[in-house]
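> Here my numbering is used: the first residue of the sequence shown is 16, the next is one more, and so on. Here it is, the structure in full.
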Amino acid sequence: MPLKTEVLLRYANGYRILGMFEDAEEELAKIPPEELEHDHALTLQLALFQDSEKWDSMQEVASLLRERHPDNSDWWIAEAFATRRCGSLDEARKVLLEGEGIHPEEPCLLFNLGCYACVSGDLEEALVRVRSAIALDPKYRALALEDEDLLLLRDELR
Numbered sequence: 016m017p018l019k020t021e022v023l024l025r026y027a028n029g030y031r032i033l034g035m036f037e038d039a040e041e042e043l044a045k046i047p048p049e050e051l052e053h054d055h056a057l058t059l060q061l062a063l064f065q066d067s068e069k070w071d072s073m074q075e076v077a078s079l080l081r082e083r084h085p086d087n088s089d090w091w092i093a094e095a096f097a098t099r100r101c102g103s104l105d106e107a108r109k110v111l112l113e114g115e116g117i118h119p120e121e122p123c124l125l126f127n128l129g130c131y132a133c134v135s136g137d138l139e140e141a142l143v144r145v146r147s148a149i150a151l152d153p154k155y156r157a158l159a160l161e162d163e164d165l166l167l168l169r170d171e172l173r
């Protein structure tokens, strides 16, 4: 990637961190479209769209990254996160269920499936999935006790 593009990406990220989303987008607009297709640039765009709550754009970028790198669970989770906000919980759940086939022991993916199940009213599935996430990574216990999606399970998880 050309140095000029790297510098513009750094500027854009700096503006993003400061919450100056329009300025960040202006910096990105200076980059040739073909260079915005590089993974590094896409990752920054994903973060910008998430921070600025542009869920449709975030979903589009996350989907592209997921298609390019299905072995990276972060992109499945990011796509589901955006899909939940611009689409539906059921659509987001489908993304994660497909990702689970590739990442069956990814605690964040399982945790999110548990959240979706709880919000959908399937407390039994939610409990199984959240407990699986906790078994894989104990930090998810503390997250489960704070996550609003899991309010109905708090007593079971203590």
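A virtual CB, placed ideally from N, CA and C, is assigned to each residue, including glycine.
1) Quick one: is the Cβ of Leu-172 within less than 6 Å of any heavy atom of the ligand HEM?
2) Assuming Leu-165 and Cys-130 form a contact by the criterion Cβ under 8 Å, report the distance between their Cβ atoms to the nearest whole angstrom.
3) How long is the line joining the alpha carbons of Glu-37 and Asp-71, rounded to whole angstroms?
4) Between Leu-61 and Ala-95, how many whole angstroms is the CB-CB distance? I'm expecting something under 8 Å.
5) Would you say Leu-63 and Val-76 are within 7 Å of each other, going by their C-beta atoms?
6) Under 8 Å by Cβ, that's how I've got Leu-168 and Ala-150 pegged, so tell me the actual separation to the nearest angstrom.
7) For Ser-119, which residues of its own chain have a beta-carbon under 6 Å away from its beta-carbon, when the five flanking residues on both sides are left out?
8) Along the chain, which unbroken stretches of the alpha helix (DSSP H) at least 4 residues long are found entirely within the segment 71–115?
9) So what's Gly-34 in DSSP terms, helix, strand or just coil?
10) Does the Cβ of Lys-19 have 16 or more other Cβ atoms within 10 Å, making it buried, or fewer, making it exposed?
11) Tell whether a beta-carbon distance below 7 Å holds between Glu-121 and Ser-88.
12) For a test of the three-state rule: what should DSSP assign to Ile-46, helix, strand or coil?
13) Using the Cβ count rule (16 or more neighbours within 10 Å means buried), how would you classify Arg-31?
14) Going by alpha carbons, who is nearest to Asp-105 out of Ala-148, Ile-46, Ser-135, Gly-116?
According to the structure data:
1) This structure lacks the ligand HEM; in fact it carries no ligand of any kind.
2) 6 Å
3) 17 Å
4) Contact doesn't hold; Cβ gap of about 13 Å is too wide.
5) no
6) Leu-168 to Ala-150, Cβ: 15 Å. No contact.
7) Residue identity differs from the one stated: residue 119 is Pro in this sequence, not Ser. So no residue of the chain qualifies.
8) 88–101
9) coil
10) exposed
11) yes
12) coil
13) buried
14) Ser-135
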